[in-house]
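So for the sequence shown, my numbering puts the first residue at 748; every next one is plus one.
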Amino acid sequence: MDITFLLVILQGFLLPLLKAQPGFLNLDCGGTIAYADDIGLRWIPDSNYLFGKRTNTSLTSDNKTQYKTVRYFPADDRKYCYNLNVTTGLRYLVRATFLHGNFDDNSVYPKFNLSLGATYWDTITITDVTTPVTTEMVVLAQSPFLSVCLLASSSVRFISTIELRQFIGSMYYSEFERQYLMFMVARINFGALSNASVRYPDDPFDRIWESDSSKSANYQLVDVSPGTQKLATTKPVYVSWDEEPPMKVMQTAVVGNNGTLTYTIYFANNNFQRHAGAYLYFAEIEDLNPNETRQFEARFPWGPPHLEVPVNVMENAGGKYRLYEPAFFDISLPLLAPLKFRQTNDSSRGPILNAFEIFKYNLINFGSPDSTAMDSLVSIYPQKEWTQEGGDPCSPIPWTWVQCNSDSQPRIISLKLSGKNLTGNIPQQLTNMSGLVELHLDGNSLRGVIPDFSGLRNIQIIHLENNALTGSLPLSLANLPKLKELYVQNNNLSGEIPAGLLRKNIIFFYAGNPGLYLPSKEANNNLVIILSVIGAVLMLIFIAAFYFYKCKQKENKRGKFGNLPTGQSKLLRELDAESTHRFELSEIMVATKNFEKVIGKGGFGTVYYGKLSDRTEIAVKVHDIKSKQGIDEFLNEVALLSRIHHRNLVKFLGYSQEEDTSILVYEFMNEGTLAEHLRGPPEKKIVSWLQRMEIAEDTAKGIEYLHKGCSPAIIHRDLKTSNILLDKNMRAKVSDFGLSKLMPDGSHISTMVKGTIGYLDPEYYVTQRFTEKSDVYSFGIILLELISGYNPISSENFGDSCEYIVSWARGLVESGDIEIIADKSLEPTYDIESVWKMTKIALMCVKPSRLERPSISEVLKEIQAASMIEQKASTGSVESTDLFAREAMGYPPNFDVAYSTSSECTDSYTESFIQPDLTKFNIN
748 MDITFLLVIL QGFLLPLLKA QPGFLNLDCG GTIAYADDIG LRWIPDSNYL
798 FGKRTNTSLT SDNKTQYKTV RYFPADDRKY CYNLNVTTGL RYLVRATFLH
848 GNFDDNSVYP KFNLSLGATY WDTITITDVT TPVTTEMVVL AQSPFLSVCL
898 LASSSVRFIS TIELRQFIGS MYYSEFERQY LMFMVARINF GALSNASVRY
948 PDDPFDRIWE SDSSKSANYQ LVDVSPGTQK LATTKPVYVS WDEEPPMKVM
998 QTAVVGNNGT LTYTIYFANN NFQRHAGAYL YFAEIEDLNP NETRQFEARF
1048 PWGPPHLEVP VNVMENAGGK YRLYEPAFFD ISLPLLAPLK FRQTNDSSRG
1098 PILNAFEIFK YNLINFGSPD STAMDSLVSI YPQKEWTQEG GDPCSPIPWT
1148 WVQCNSDSQP RIISLKLSGK NLTGNIPQQL TNMSGLVELH LDGNSLRGVI
1198 PDFSGLRNIQ IIHLENNALT GSLPLSLANL PKLKELYVQN NNLSGEIPAG
1248 LLRKNIIFFY AGNPGLYLPS KEANNNLVII LSVIGAVLML IFIAAFYFYK
1298 CKQKENKRGK FGNLPTGQSK LLRELDAEST HRFELSEIMV ATKNFEKVIG
1348 KGGFGTVYYG KLSDRTEIAV KVHDIKSKQG IDEFLNEVAL LSRIHHRNLV
1398 KFLGYSQEED TSILVYEFMN EGTLAEHLRG PPEKKIVSWL QRMEIAEDTA
1448 KGIEYLHKGC SPAIIHRDLK TSNILLDKNM RAKVSDFGLS KLMPDGSHIS
1498 TMVKGTIGYL DPEYYVTQRF TEKSDVYSFG IILLELISGY NPISSENFGD
1548 SCEYIVSWAR GLVESGDIEI IADKSLEPTY DIESVWKMTK IALMCVKPSR
1598 LERPSISEVL KEIQAASMIE QKASTGSVES TDLFAREAMG YPPNFDVAYS
1648 TSSECTDSYT ESFIQPDLTK FNIN
C-alpha cells in the first residue's frame, strides 16, 4: 500500500481532534453573550478582562456578530491591556482586529499603537468604517500570560476582537524566537479557486490564508510572469509536518508554463528594510508521466546567496501529493520583494508554488525587572481602576502612576500612589525595588508598621504621611545612604525617634504622631535650638519687612512663578541664581520691535528677529506657557543650553519668563538653515562641494560634543537640515535643543516620538527607544542631502518604487552609479573619490540596526579624511585613511580617546582625532 495513502488516512483521524479548538480563545470585545459563529468558533465577551466602555457599531445585520460591538478607551496617557493566560514554552498566534463601524460617529478616524507586552507590535490606522484592520503576531510564550495593549493616544482607541491560537510541536520554531516576535506580513494561498480566504475549520490552527486573486491591505502582488496558470486537485495532500499548512491550501497552486514563475510583492506598510523570515510551501499535485520532471531554481534577490537553490518538489518531499517546505530565517525585507522561479534545462515542467508566508522580526523588549513586583502589587487591589493598565509597568510607555529611568531594561524610579485608597499594610513588594528614588504612599488608609526599607539603596524621598501607621520608626531609615526627604506626619507612630535620623541632613516631618518622642540628648539640644530660632526669626521679620516693598515691586515687574508647577518654579529660580542671563520682557519687545519680524516657526513657538541695544542680533523664540505643548521643551532648553558652550552649537544668550510668556534668546544666524541652501533658490545654493563637506564636519563636531562632551550625554532626537544653521561665514551650528534629552551613560531614551519623518531612526519603531545611534542615523540622512541636494522623501526625485533617499542611494551605490548621486548644481571640479567616501560614510550611518552604525566620533574622523582627499586631490599627496583601504593594508585600529567625565557639559572637552575601526561597518 502507498505510504502517502496511509499517511493521509492517519491525517484524517487526527484532523477532527485538532478541530476541537484546543488552545483557542476568541474575545468579542464589547460583546455581552457567548455564542458560536457561522464557522463554528466559540466566542465569549471580554467583560472579565479589563475596564473600558462598550458600544455598538452601525453595521448592517449581515456582518459578523463579533463586529457589531467594540470596546473603546478615551484619548489619554494610559495604556489599556488585555492579559491572556498562556502556557510557558508554547507558541501562539495572537490576532487583533479593528473594525470602526462608525461607533463614535466621528469623521476623524483613530490612529494608535499596539504592543504585545513591552514590545511594539503595530500601528493601527483606520481609513474607513467598514474595512476591518487585522494584525497578527507569532510568539513563544516566555511567561504565563500575554498582554495585548492599546497604547496612549490623542485619539479614542478601540478594538473589535482578540484571538489566540496555540500551535503544537515545533510549528514556527525559530532560533531567534527568544529575541524576536514574528510579525506576520503576508500569508498567501496561490492558485486559490476564489477570492475567499481559507481558515478554520479547513485550517485547524485558524490561520487566515488570503487568496492570491484578492486585494490585501498589507501587500500587492504585481509583475506576474506571462504563462502563469492555476492548478487544482481534489486528491488528498499529506501536510502533517513542519508548519502543517491546511490541505485545502496545498490542493491549489500556480505553475509557470513558459518556464518562469515570477511575482513581486509590494509591501504597503513597510517603508524600511527589515530583517525577516519566510516559509515556502510546495507540493506536486499533478500526475506527471514517468518521463516528466519538474525542477526549477528559486531566486530571491533580497535574500542571501543560499536562497538561489534548485527545487525538485517530488524528490524533496518524498513523492507527489506531499508537502515540501523550505524555510528561511535571516533575509532582508525590502519594499518590493521579487519571487523568481526558473525552470532548469533538464526539467520538462515549469515551476510550481502552492503557498507562501513571510514575516518581520520585531525585537522583543523584555521590559522592566520590576514588573514581577508590580504585578504582585496590583493583584492586591484588583478592583481599583488605577491597577488596570496592565502590560509592563515601564514599556513601551509607563503606567500613569509610575516613572521609569531610561535603561534598556528600565527600572522604576518613582511610585506615585498618593490618595489611591490603599488599605492594609505597606506592600512588602516595594521593599526590594532597588532602583526606586521616590515613594509616595501618603493620603491613604495604610496600617501596620513601617517595613524595612534597607533594600532601597537609591531612595531619596519617602512620603508616608496621613495614613494610620503604627509602631516605631525603623532604625534602617537612618542608614539609607541617599535619603533626602522623609514625611511621616499624621500617623499613629510611637517610640523614640532614631538619633541617626535627626543627625542626617534631610527634610524630616514627623508632627501629628503623639507617641513619638526625641532622644533625651536631642531633646535638651532642641531647647537651645528653639531659643536660637526665635531670635533668628525676629531678626528675619525685621529684614523681611524692610525689603518687602522693593521685592514686591521687583516681582511685579519681572513676573511671578506662582502659576507654575513646583518643579518648574524651582528650576527657573535656580537658573536665576546661576549666570544664565534673564531678559526683561520689555527689553525683548524693544529688541524685536514688538515682535515685528517672523523668521521661523516650530513646535516650541514662533521665532522673531531682534537687535539688542548693543547692536547684537538675536533670534527670539516665544512660547505661550498656558499651552500644554512645549512647556517641557522650554524648561529643558533653559536647563541644558545654559550649560552648553561649543562653537558648532547655536549660542544660547538667555531667557525671559514673565506672566504667561516664556522666551528663549539665541544668537542670530545670518545665513539661515542648511535646508534653504540645499533646496532654495539658485542664488542661495551652496555649489562648492568642499564647503558642503566643511558643513558636514561642523555639524558632526557639534553632535560629538553633545554625545561625548556632556555627562550624561545629550541625544538631540530631531537632527535635520532645517535645524542646522549657518553663520555669515557659512559655518554650521546645530540648533533646537527643545527636543534633546539627557542620557545617563550606557542607557537609552524611551519617550513619545518627537523626531521628523525621513530623519527618524527606523529602529525606534521596534525598540521605542532613542540612543546616540539614533542621532547618527539622522546625521546620515543629512549627509545624503548634502551629497544629493534632495529631500529625504520624494517620489519626484527617487521614483514611486523608492520614495526614500536611503533606498535610492543604496541602489545607486550597489550598481556603481555614484556620479548620479552627486547634486547636479555642484561645481564640476569636485573629486569623485571624496563623494564616494562621503556616500559610504552616510550609508554606514543609516544601517537598519544601531549595532551596525558607527559612533559620531568615528563618522567625524572619516569626514575629515574625505575632506583631505578633496583638498589635496590635485597633488596626489593624501595619505589614505579610508578604513577599507587600511584594513587591506593590515593597519590596526587605533582608539586614542579622552573625554570629559564632568557632571555636565564642559568647555574642557577636547575634540579627539580618532582612527576608528569601521571595518565592522559594511554599507551593503
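The C-beta atom is built at its ideal place from N, Cα and C for all residues, glycine as well. These numbers were taken from a predicted model, which means no experiment stands behind them.
When you compare each of the options to residue i by their alpha carbons, which one comes out closest?
| i | options | result |
| --- | --- | --- |
| Q1618 | K1398, E1580 and V876 | E1580 |
| F845 | D785, E910 and S794 | E910 |
| L1070 | F1106, P983 and A1084 | P983 |
| E1072 | T1408, I1099, W868 and F850 | I1099 |
| R1516 | V1058, P1143 and V1125 | P1143 |
| K1480 | S1435, N1395, N810 and A1460 | N1395 |
| S1155 | R1362, S1161 and S1115 | S1115 |
| S1614 | E1510, E1441, K1251 and N773 | E1441 |
| T804 | I786, I780 and S907 | S907 |
| P1081 | I1588, I1616, V1606 and R1557 | R1557 |
| A1338 | K1358, V1345, G1352 and K1344 | K1358 |
| V1518 | N1538, W1555, S1562 and D1465 | The question names Val, but residue 1518 in the sequence shown is Thr. It is D1465. |
| M1061 | F1047, F1043 and D1077 | F1043 |
Going straight from the alpha carbon of residue i to that of residue j, what length do you get?
| i | j | result |
| --- | --- | --- |
| T878 | Y814 | 11 Å |
| I1032 | F1075 | 24 Å |
| K995 | L840 | 20 Å |
| S987 | T834 | 23 Å |
| I812 | D784 | Residue identity differs from the one stated: residue 812 is Thr in this sequence, not Ile. Rounded to the nearest angstrom, the two C-alpha atoms are 7 Å apart. |
| D1445 | F1029 | 56 Å |
| G1505 | I1365 | 30 Å |
| V855 | T874 | 9 Å |
| G1259 | L1193 | 16 Å |
| I1603 | N942 | 52 Å |
| Y1524 | E1334 | 40 Å |
| A1120 | I1127 | 11 Å |
| F1088 | N965 | 23 Å |
| S1360 | H1328 | 15 Å |
| V932 | T1586 | 32 Å |
| F1103 | E990 | 12 Å |
| N1152 | N1168 | 26 Å |
| F1330 | D1407 | 15 Å |
| L1533 | S921 | 42 Å |
| Y782 | P792 | 9 Å |
Give me, in chain order, the residues of the same chain whose beta-carbon lies closer than 7 Å to that of residue i; leave out the 5 immediate sequence neighbours on both sides.
| i | result |
| --- | --- |
| S902 | A822, P857, K858 and F859 |
| A979 | G938, L940, Q998 and T999 |
| G1347 | V1354 |
| D1654 | At D1654 the pLDDT is 45, less than 50, meaning the model places this residue with poor confidence; the figure from the coordinates comes in the next sentence. Here the set comprises H1392. |
| A1422 | T1468 and S1469 |
| P1174 | L1124 and I1127 |
| T1420 | T1468, S1469, I1471 and L1472 |
Who are the near neighbours of residue i in its chain, counting only those whose CB is closer than 8 Å to its CB and skipping five residues on each side?
| i | result |
| --- | --- |
| R1096 | V1002, E1033, L1035, E1039, T1040, R1041 and Q1090 |
| Q1438 | M1477 |
| K800 | R818, Y819 and F820 |
| F771 | L788, R789, E910, L911, R912, Q913 and D953 |
| Y1264 | G1242, E1243, I1244 and A1270 |
| V880 | T844, F845, L846, I871, T872, I873 and A964 |
| N853 | V903 |
| A1632 | Note on A1632: pLDDT 33, under 50, position unreliable in the model; no value is reported. |
By DSSP's criteria, residue i is part of a beta bridge. Which residues make up the other side?
| i | result |
| --- | --- |
| H1392 | Paired residue(s): none; H1392 is not in a bridge. |
| G1003 | T975 |
| G1190 | Bridge partners of G1190: none, in fact. |
| L1472 | T1420 and K1480 |
| M884 | V841 and F930 |
Using a Cβ-Cβ cutoff of less than 6 Å, which residues in the same chain neighbour residue i once the five nearest sequence positions on both sides are dropped?
| i | result |
| --- | --- |
| W1583 | I1565 |
| C896 | K826, C828, S862 and G1138 |
| S1535 | I1568 and D1570 |
**Asked** Between the region 1199-1210 and the region 1170-1184, are three or more C-beta pairs nearer than 8 Å?
**Response** yes
**Prompt:** Looking at C-beta atoms only, is the number of pairs between the region 1184-1198 and the region 1207-1219 that lie closer than 8 Å three or more?
**Reply:** yes
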